[in-house]
Every structure is written in structure tokens, then in C-alpha cells.
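Take 464 as the starting number for the sequence shown in the numbering used here and just add one per residue.
Using N, Cα and C, we set each Cβ at its ideal position, and we do this for glycine too.
Computed from a predicted structure; not experimentally measured.
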Amino acid sequence: MSAEWDPRQDDEFADFLRGERLALAAKAEARRLEAAQAWSSPPYPASAYEQLADEPSEVDWIFGNLWSGIAQVNAQKKSGKTTLLMNAAASLVTGDPFLGRFEVAAESDCRVGYLNMELTKAQFNRWLSDMALPDDGLKRLMPYHGREHGRLDLSSDAAAEWVVRWLRDTGVSVLIMDPLGSFYDQPNGGDPNAAYLRWWARLEHVVLQAGLRGVLIAHHTGYSEDGGNRARGASAMMDKPDVNLTYRYNVGEGSHTDAPIDSKRYLSAFGRDVDISEFEVGYHPTTRRLCVTGGGGRIDAEAERQAERMRDEVLRADAAGESPNKRELYAALGWEPSGRGKARFDRFYKYAIDQKQYVKTVPGKGREVLHVPGDGKPEWRFNVNLGRETAESEAS
Numbered sequence: 464m465s466a467e468w469d470p471r472q473d474d475e476f477a478d479f480l481r482g483e484r485l486a487l488a489a490k491a492e493a494r495r496l497e498a499a500q501a502w503s504s505p506p507y508p509a510s511a512y513e514q515l516a517d518e519p520s521e522v523d524w525i526f527g528n529l530w531s532g533i534a535q536v537n538a539q540k541k542s543g544k545t546t547l548l549m550n551a552a553a554s555l556v557t558g559d560p561f562l563g564r565f566e567v568a569a570e571s572d573c574r575v576g577y578l579n580m581e582l583t584k585a586q587f588n589r590w591l592s593d594m595a596l597p598d599d600g601l602k603r604l605m606p607y608h609g610r611e612h613g614r615l616d617l618s619s620d621a622a623a624e625w626v627v628r629w630l631r632d633t634g635v636s637v638l639i640m641d642p643l644g645s646f647y648d649q650p651n652g653g654d655p656n657a658a659y660l661r662w663w664a665r666l667e668h669v670v671l672q673a674g675l676r677g678v679l680i681a682h683h684t685g686y687s688e689d690g691g692n693r694a695r696g697a698s699a700m701m702d703k704p705d706v707n708l709t710y711r712y713n714v715g716e717g718s719h720t721d722a723p724i725d726s727k728r729y730l731s732a733f734g735r736d737v738d739i740s741e742f743e744v745g746y747h748p749t750t751r752r753l754c755v756t757g758g759g760g761r762i763d764a765e766a767e768r769q770a771e772r773m774r775d776e777v778l779r780a781d782a783a784g785e786s787p788n789k790r791e792l793y794a795a796l797g798w799e800p801s802g803r804g805k806a807r808f809d810r811f812y813k814y815a816i817d818q819k820q821y822v823k824t825v826p827g828k829g830r831e832v833l834h835v836p837g838d839g840k841p842e843w844r845f846n847v848n849l850g851r852e853t854a855e856s857e858a859s
């Protein structure tokens, strides 16, 4: 029986081994040269004493107390993130407060680059036309349409260099990127954080070389209630931005992936020197403008919605000469009188009676408690209907 063949004993083995080692060494050297080419020598930093000798610099806010540096909007599917970013662009070139709440700290001649990889050029420009921005503002907004001119993968040297040249030649100081997935390919294997951090380094290189004040990136969130508050993908996607903004809608009693029950949206933000609780945003379909309504977050909105449902049901019953007891009222509203959901519906019940005074109770027979209309009236708030066509056409 012949001995098993050992390739290392072959006369040509040494030549093949040398060739493979040469190839690996060449690849390593190519990576080193590529990294060196992308890096430029910074000036030597001054001592902490020298740096603190002057008055400490204020935070370079772009939107006061909301956005500085690189911010990322993590948005629930079909929530209207493109509309949100277009509103941000509008505020930057007009100086109007973002959402009617956050002051804009931008130069009067601020130029904004908008990398639109989401909508077609025709749809983007139609939405922009609806916003009726002044000519001066439109002249300082520079939209790039990826579906017409091509994708810009910043991991490509050629693409990154083109973006830097474009930003510098046009004088853009703030860049909007919509969405992240069009500039970065998540790997199928390996460490997703390592791949993302390499991409982020390329983004920071673009920011530095182009002299940008800030970047606003749109990204999608996960497909669960908890995941709806986090960027979809590598965990580093939540670590690197200076500010993370979360943009969501209310599904009522449905699941996270259901369609929104109304046109209201909810924005919150957390980051460096930023901690803003969720608040309600309304939408005007004619001008595609967003504005803070004065309402709270989704929990507040759902409590108000359910309280108004309870009020309407009691008004209906009263008009029919009826005063429902608690069991009958819960049944009419589809609320669970026992089990896991009871505590939640009991909160809505107490909110409608004790806080909003939409409904009041009166004694019935024995220990029975009946319900009749109260004196409270729903408070008027900015609220407009988002048309179904508009909602479904939002490419986010």
C-alpha cells in the first residue's frame, strides 16, 4: 500500500508557497498604501492649558439644542423620514425654525447638499415645489439624485473623492444623506461593527476634507417595538453619531409593523448635550411642512385617542337615553375587563374621567356605577389629515 502523498515534498511546492506569500504581502501593502493615501497629517495639538486659555467654544448647533455634528434619524418604516429631512433642508436655506421649534444657526448664504437616493428626481422635485421655498433658498439647495446619476458608495475612493470635490466646489457646508443604506453595504458575514466603523472613518474623512459643519443621515429602524427605537444593523450605528433622533408613528392597538392610525408623527433625540423626550409632530399635506403640535409622545396620544373614543361612546349612549355601566362601556369599546390588557384600559378609563372630565359617573342600582357625558371638551391642537395617497407614496 503506497504512502499518502505529501504535497510539501513536491519539487514545485516551494515555488507555489513563495507565490502565495508574495500575494498576501502585496495585499497587505496595498491596504497600507490605501490607508496612507486617505490620511493627511494634522497639526500638532496645543496643550490643554493653551486650549482652555480662551473662552471655551460653544456647541456648534445647527438646530438649537437638537443637532450638531453628525446626526442620524432612525425612522420607523414608511414614517415619512424623507419629508422630515426635506423640512430640515428647508429650514437651513430659509432660516425658519425647524418644526417651528428649533432655531436655525446657519449662515445667511448656507448651502445644503442633499444626496437623494430614495425618490426619483421627478418626485423629489415635485415635493420640493409643493414646499414653495423662496428662489434664494432654492439656489442654495443642491440635490443629487441617485436614481438618475448613480449610487455613491463612500467605501470607493473614486466616489469619496468626487463627493469631496462636489461639496468644496459648490460651497456646501451641511450635507443630508438619504438613506444610509445607499452609501453603505452591510456585510453578509464577519463583524458588522468592524465593517461599519471602516465606512464611518471614510465619512469622517469626507467631512474633514470638504470642511462640512454637519451631516444629517436618514436610516431605518428594526421591525419590532423595541427595535423601532434603534438603528437597523450594526450596534455601532447607534454609537458613532453625535445625536440619534428617533422618528415614529402610532399604531394604536396594532403591532409595530402595522400602518399608522393617523398622520401624527413622534420625534425624540438623544446624544451629546441632547436629551429631548418624544413629542408630537403634525403634517400639512398642501405644503408638506411639519410642525410641533404641542402634544406629547405616543403614549399620551393613545391615551387621548382612547379617552375621546370613550367620550363618543357615552355621548352616543346618552343620545339613545342610555347610561352604560363599566362592563357595558368596556364591551362597547372593545376593552378587556380582565387579563393582561386590563391595567392598560383602566388607565384610559381613569384618564377620561379624572383628567379630561369627558365622562362622569353617577350612582346606579346598588353598587352599580353608570356613565354620563362630562363637562370636558377636547382641546384644539394643530392637526391636519395626511392623505392616503401621500402617506403611501412616501418612499421611506
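Check: Around the Cβ of LYS490, are there at least 16 other Cβ atoms within 10 angstroms (buried) or fewer (exposed)?
Finding: exposed
Item checked: Option in ILE816, PRO787, PHE733 and VAL567 with minimal Cα separation from GLN769 -> ILE816
Check: Any heavy atom of the ligand COA closer than 7 Å to the CB of ALA794?
Finding: The model on display carries no ligand, and the ligand COA is accordingly not part of it.
Check: Around the C-beta of PRO704, are 16 or more other C-beta atoms found within 10 angstroms, so that it is buried, or is it exposed?
Finding: buried
Next item on the list: Kindly indicate the opening and closing residues of the beta strand (DSSP E) around ASP738.
Entry: 737-747
Note to self: To the nearest angstrom, how far is the alpha carbon of TRP468 from that of LEU480?
What the structure shows: 17 Å
Checklist line | Residue range of the alpha helix (DSSP H) that includes ARG631 | finding: 620-633
Next item on the list: Within the segment 769-826, note down every full beta strand (DSSP E) run reaching 3 residues or more, in order along the chain.
Entry: 822-826
Check: Under 8 Å between the Cβ atoms of CYS754 and LEU562?
Finding: yes
Notebook entry, point to check: Run through DSSP, which three-state label would PHE479 get?
Noted result: helix
Item checked: Nearest-angstrom beta carbon gap, LEU643 and HIS608 [assumed within contact, 8 Å] -> Contact doesn't hold; Cβ gap of about 17 Å is too wide.
Next item on the list: Measure how close the beta-carbons of ALA787 and HIS834 come, nearest whole angstrom, since I'm counting them as under 8 Å.
Entry: According to the sequence provided, residue 787 is Pro. The question's Ala does not apply to it. The pair is a contact, with the Cβ atoms about 6 Å apart (cut-off 8 Å).
Notebook entry, point to check: At which residues does the beta strand (DSSP E) containing PRO836 begin and terminate?
Noted result: 832-836
Margin query: Suppose contacts are defined by Cβ-Cβ distances below 8 Å. Is ARG761 in contact with GLU776 by that definition?
Written below: no
Checklist line | Buried or exposed (CB count within 10 angstroms, at least 16 for buried), LEU496 | finding: exposed
Note to self: Restricting to Cα atoms, I'd like to know which of LEU730, MET773 and ASP648 is closest to TYR746.
What the structure shows: LEU730
Check: Smallest Cα separation from THR750: which of ALA806, ILE533, ALA795 and LEU547?
Finding: LEU547
Check: Anyone know if the C-beta pair for SER542 and ARG711 falls short of 8 Å?
Finding: yes
Next item on the list: Buried or exposed for GLU857, please, with buried defined as at least 16 other CB atoms from any protein chain shown within 10 angstroms of its CB.
Entry: For GLU857, the predicted model reports a pLDDT of 41, less than 50, meaning its position is unreliable; a value from the coordinates is still stated below. It is buried - the Cβ of GLU857 has at least 16 other Cβ atoms within 10 Å.
Note to self: Which residues does DSSP list as the beta-bridge partners of ASN862?
What the structure shows: As shown, the chain starts at 464 and ends at 859. That puts residue 862 outside it, with no answer to give.
Checklist line | Selected residue, minimal CA-CA separation from LYS823, among ARG774, GLY797, GLY802 and TYR512 | finding: ARG774
Checklist line | Of the residues TRP662, LEU601, TYR821 and GLU581, the one placed nearest SER619, counting alpha carbons only | finding: TRP662
Next item on the list: Report the residue from ASP473, LEU792 and VAL575 whose alpha carbon sits nearest the alpha carbon of LEU679.
Entry: VAL575
Next item on the list: Inspect the CB distances between the segment 610-617 and the segment 632-652 and report whether three or more fall short of 8 Å.
Entry: yes
Margin query: Quick check on ASN651: does DSSP put it in helix, strand or coil?
Written below: coil
Checklist line | Outcome for GLU831 when other beta-carbon atoms lying within 10 angstroms are tallied against a minimum of 16 | finding: exposed
Next item on the list: Could you tell me the distance, in whole angstroms, from the CA atom of ALA658 to the CA atom of ALA499?
Entry: 18 Å
Item checked: Rounded separation between ASN588 and ASP559 - CA only -> 20 Å
Note to self: So, under 8 Å CB-CB, PHE565 and ASN528 are touching, yes? Tell me the CB distance rounded to an integer number of Å.
What the structure shows: 7 Å
Margin query: Just verifying my parser: in three-state terms, what is the DSSP assignment at ALA552?
Written below: helix
Next item on the list: Please state whether DSSP places LEU753 in a helix, a strand or coil.
Entry: strand
Check: Mind checking GLU492: buried by the 16 CB within 10 Å criterion, or exposed?
Finding: exposed
Item checked: DSSP three-state assignment for PRO470, whether helix, strand or coil -> helix
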